[in-house]
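If you're matching positions, the sequence shown starts at 733 in my numbering and goes up one per residue. All residues carry an ideal CB built from backbone N, CA and C; glycine is no exception. If you're wondering where the values come from, they're calculated on a predicted model, not measured in any experiment. One structure is given below, encoded as structure tokens.
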Amino acid sequence: MSRTGKIAVIDLEQCAVAIRTAEGEYTVVEIDPNWTVQVGDTIGWDNDEGLGFETYRNESKGSDCDVFVQNHYVGEKAMRLQFPG
């Protein structure tokens, strides 16, 4: 099943982003540092359960990137522990 969300947090030191889904949970992925993303960009992906390497789309900018998916369905508190800044 495909899914979309908006980038809520970008941590360039970790090369990671937290994507907030419509359900209010987060998907956390590691990205290529050369992939141009901004807070608020809409990101889409096809496998809402897939972990490891997957291709995600920046629907706001019309680009895609192979990312490393760390976790899905992460709550706000757990996301803030990983992205404290």
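Beta-carbon contacts of residue i that lie in its chain and below 7 Å, excluding the five residues immediately before and after
| i | result |
| --- | --- |
| Met733 | Asp780 |
Assumed close pair residue i, residue j - CB separation to whole angstroms, cut-off 8 Å
| i | j | result |
| --- | --- | --- |
| Asn790 | Val769 | 6 Å |
| Leu783 | Val801 | 5 Å |
| Tyr788 | Val799 | 5 Å |
Pair within 8 Å by beta-carbon distance, residue i and residue j
| i | j | result |
| --- | --- | --- |
| Arg735 | Trp767 | no |
| Gly737 | Thr753 | yes |
| Cys797 | Asp764 | yes |
Residues that DSSP places opposite residue i in a beta bridge
| i | result |
| --- | --- |
| Asp743 | Ala748 |
| Asn790 | Ile775, Ser795 |
| Lys738 | Arg752, Thr774 |
Same chain, Cβ closer than 6 Å to residue i, five either side skipped, listed in chain order
| i | result |
| --- | --- |
| Ser792 | Asp773, Thr774 |
| Thr759 | Ile751, His804 |
| Val741 | Ala750, Phe815 |
Range of the contiguous beta strand (DSSP E) that encloses residue i
| i | result |
| --- | --- |
| Glu781 | Glu781 -> no beta strand (DSSP E), and no H or E assigned at all. |
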